[in-house]
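*Asks:* Below: one structure in structure tokens.
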């Protein structure tokens with residue numbers, strides 16, 4: 001098994017392959033193994049995923065066979081991992097997708113599927129909202145109730161619109177993790193004609209970290225992927241995507257009815273129970289939030305004060 005990531009290299013960043021506890025810069029490793037067509041950033045590789053995938057498998061095999069010099073690689077513990085995709089064109093976010101989360105938010109009456117009605121979703125602005133691990137997440141200005149929501153994130157390798165549920169999983173390239181940080185007090189707007197403001201509540205700058213790696217779908221079961229979230233070392237959320245209300249196929253079909261999916265796009269798939277609001281817990285500067293899965297790895301962010 002291997003995973004994909006973006007790591008710091010010199011003054012910039014490069015796409016890398018995680019193999020045997022090392023990150024191997026893809027372009028340099030491919031040149032050493034005489035494999036063409038693997039230049040560019042990860043977003044470029046996902047743009048031509050049907051051709052990229054077999055080349056990556058060849059490269060991973062070459063690395064395992066010792067055909068790429070070890071001096072090319074960086075130890076996982078020494079690598080500075082950044083957000084894998086810099087940046088996806090679009091980031092879809094499916095909401096209200098775990099029954100236990102709806103129950104803890106006193107919204108159990110919403111635990112149902114309406115025939116012909118797609119799941120609720122909104123969209124994040126990737127270039128300013130999506131970040132990677134580290135001291136990257138800033139509490140939005142004016143927010144006094146900053147909360148966490150762990151999510152499994154789909155990465156698309158094939159585009160399309162009006163995708164049929166039976167074909168939907170064919171459009172997935174791999175899976176990663178994300179945290180849907182939420183400004184609870186800015187999300188709800190009781191005095192406004194529109195009672196919720198998802199832009200202020202969930203789409204502000206730096207509040208959508210994604211990472212640390214992308215694992216191709218051949219290696220993990222996205223329909224039963226276990227993930228967890230902890231705050232300052234205390235586990236708050238733990239679930240499997242098998243517990244989602246809307247399946248991956250239903251989510252992809254629903255999203256693509258409204259907006260065309262493009263290769264390299266990502267889709268947050270909803271958060272389980274265990275968020276802070278029902279327990280009266282909220283994040284403050286310095287708090288460490290960690291989301292993890294055995295195959296994908298662990299991504300930790302350190303909450304920062306609002307930007308001035």
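Residue numbers (our numbering): 1 to 308.
The C-beta atom is built at its ideal place from N, Cα and C for all residues, glycine as well.
Nothing here was measured: the structure is a model prediction, and the numbers come from that model.
1) Are the CB atoms of residue 176 and residue 296 within a distance shorter than 8 Å?
2) Could you have a look at residue 80 and say whether DSSP puts it in helix, strand or coil?
3) Give every residue of the same chain whose Cβ lies closer than 7 Å to the Cβ of residue 240, excluding the five residues on either side of it in the sequence, and list them in chain order.
4) Would you check if the distance between the CB atom of residue 147 and the CB atom of residue 158 is smaller than 8 Å?
5) Contact between the stretch 71-91 and the stretch 11-24 is defined here as three or more beta-carbon pairs at a separation below 8 Å; is this criterion met?
6) Just the Cα atoms here: how many angstroms apart are residue 113 and residue 285?
7) From this set, 39, 9 and 87, which residue's C-alpha is nearest residue 264's C-alpha?
8) To the nearest angstrom, how far is the alpha carbon of residue 120 from that of residue 196?
9) If you scan the stretch 10-73 from start to end, which runs of the alpha helix (DSSP H) of 4 or more residues do you find wholly inside it?
10) Inspect the beta-carbon positions of residue 37 and residue 58 and report whether they are closer than 8 Å.
11) What residue from 8, 39 and 208 has the CA that sits closest to residue 124's CA?
12) Buried or exposed: residue 149, going by 16 or more other Cβ atoms within 10 Å of its Cβ?
13) For residue 241, which three-state DSSP category applies?
14) If I measure Cβ to Cβ from residue 162 and keep anything under 7 Å in the same chain, skipping five residues before and after, which residues do I get?
15) Extract the residue ranges of the beta strand (DSSP E) inside the stretch 167-197, only unbroken runs of 3 or more that lie entirely within it.
16) What separation, rounded to the nearest whole angstrom, lies between the Cα atoms of residue 111 and residue 103?
17) Using a Cβ-Cβ cut-off of 7 Å (strictly less than) and excluding sequence neighbours within five positions of residue 60, which residues of its own chain qualify?
18) For residue 233, does the count of other Cβ atoms within 10 angstroms reach 16, so buried, or fall short, so exposed?
19) When DSSP builds the beta bridges, which residues end up paired with residue 138?
20) Within this structure, are the beta carbons of residue 237 and residue 272 separated by less than 8 Å?
21) CA-CA distance, residue 78 and residue 136?
22) Determine the extent of the alpha helix (DSSP H) in which residue 129 is found, giving its start and end residues.
23) Quick one, which of 299, 305, 48 and 168 has its alpha-carbon nearest residue 151's?
24) Hey, would you say residue 128 sits closer than 8 Å to residue 228, going by beta carbons?
25) Keeping to the same chain, check which residues put their C-beta closer than 7 Å to that of residue 220; ignore five residues upstream and five downstream.
26) Using 10 angstroms around the beta-carbon of residue 138, count the other beta-carbons present and answer buried if the total reaches 16, otherwise exposed.
*Replies:* Taking the coordinates as given:
1) yes
2) coil
3) 224, 225 and 226
4) For residue 147 and residue 158, no; Cβs fall outside 8 Å.
5) yes
6) The alpha-carbon atoms of residue 113 and residue 285 are separated by roughly 38 Å.
7) Taking the Cα of residue 264 as reference, the smallest distance to any Cα among 39, 9 and 87 is reached at 87.
8) 13 Å
9) 26-32, 42-47 and 49-64
10) Not a contact, by the Cβ cut-off of 8 Å.
11) 208
12) buried
13) Residue state, collapsed to three classes: helix.
14) The beta carbon of residue 162 lies closer than 7 Å to those of 256 and 257 in the same chain, with the five residues before and after it left out.
15) 172-179
16) 8 Å
17) 2, 17 and 19
18) exposed
19) BP columns for residue 138 point to 304.
20) yes
21) 19 Å
22) 126-129
23) 299
24) Going by C-beta atoms, residue 128 is not nearer than 8 Å to residue 228.
25) 175 and 295
26) buried
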